[in-house]
Amino acid sequence: MINRVKKIMDTLQKLIASWEDVNCILAGKALKEDILDPYFVITLDVYYKDTIPDSDKRNILFDYPGAFETSPKQDKDRFFIDELPVHIMYKKQNVVEEYLSNYKKLFQEGTTYSIFRIFNADIIYNRDSWIFDIQNKFSKLTEVFWGQLFKYNIYKIEHFLTDLGSAVLKQDDFFFLVSLSGFMTSCASALFARNHEWFPYYRKLNDYLCKLSIVPENFSRYWNDILDATKLTQEKRYQLAQLLAKEIILQPFVENDTTCTG
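Our numbering numbers the first residue of the sequence shown as 1014 and each following residue consecutively.
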């Protein structure tokens, strides 16, 4: 199974590295995962200087893989090779560099997941020292950055909490789910910022939350109960969301007791 995944990764790496402006390719930990796991996916992050082939050309270069699709901005491809899912994200180097001087641009991505990947993926192709320089610069961000990131997510928490309350009053199940998703993501983002940690994979978010050093005092109970749609009504879950938001916003945080469920 590992040889099957490695063959796909090696083929893609060789092809993408041949594109003139590609500087660096990072790969997720696919070789360490079970391909039978529903969450399994081969992920590649491609950093380039100026241009890469457009999506139509990429589809041809990838030899017309199964179910090929690209994002509206053409910065992410998804397809299947040998029945295994592949996700490739493309990012200009200068966009990443701008995050260091303009935090707002990074915040507007929604989470800091793209930076998490810079630190937690394997370098499978590297043309120069750029990726190491970027890692070094992001590792030296000060409390100013983390404080601004935390505050930015507090605003989002308050916004989604208002939407959540409106959904409960209107008994709008769809808007409740949308608002709850945004609320929980913003809460998690705030907690990672408070701990000076990058936002991780959604698929393993709970695992990373359980490992945070400090969290609100009642975080584990609130978090798990809000997620459990079978246990509580929407109104009760909204009330717990209010309490969780209050603890995150007002602090102080306490040492994590790791009682949350991963």
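Glycine is no exception: its CB is placed at the ideal position from the N, C-alpha and C atoms.
None of these values were measured; they are calculated from a predicted model.
As DSSP reads the structure, Asp-1238 sits in no beta bridge.
Here Ala-1203 is buried, its C-beta having at least 16 other C-beta atoms within 10 Å. Residue state for Asp-1146 is assigned as helix, using DSSP reduced to three classes. DSSP, read as helix, strand or coil, puts His-1209 in coil. Beta bridge pairing from DSSP links Phe-1092 with Val-1099. Beta-bridge pairing by DSSP links Asp-1135 to Ala-1040.
Taking a C-beta distance under 7 Å as the contact criterion, Tyr-1061 and Val-1035 qualify as a contact pair.
With fewer than 16 other beta carbons inside 10 angstroms of its own, Asn-1133 counts as exposed. Judged by DSSP secondary structure, Glu-1156 falls within the alpha helix (DSSP H) whose first and last residues are 1156–1183. If you look at Val-1059, you'll find it in the beta strand (DSSP E) that goes 1055–1061. Closest in C-alpha terms to Ser-1199, from the list Gly-1041, Pro-1098, Ile-1136 and Gly-1123, comes Gly-1123. Sorting Thr-1155, Asn-1149, Phe-1151 and Leu-1193 by C-alpha distance to the C-alpha of Ile-1170 places Leu-1193 at the top.
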